[in-house]
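Reading through the structure tokens given below for one structure.
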Amino acid sequence: MLIVGETFQLYQALALVLVLGGIGLAEYSGRKAALRSARTH
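Once you know that position 25 of the sequence shown is 25 in the UniProt record's numbering, the rest is easy, because the numbers rise by one and skip nothing.
So, in structure tokens, the structure goes:
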């Protein structure tokens, strides 16, 4: 990558996708749970 001076490899792209996907999934499920608990109260 740019910071460490290495060339960008496929496994780095895969890791980036997995990390961003995990963050997105956590955000999505967290919002759904918050909406569900807000409706019941």
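Glycine residues also receive a C-beta, built at the ideal position from the N, C-alpha and C atoms.
Which value, in whole angstroms, describes the spacing of the CA atoms of Val-4 and Tyr-11? 15 Å
Opening and closing residue of the alpha helix (DSSP H) in which Gln-12 lies: In the DSSP assignment, Gln-12 falls within the alpha helix (DSSP H) that extends over 10 to 40.
Give me the Cα-Cα distance between Tyr-28 and Phe-8, rounded to the nearest whole angstrom. 29 Å
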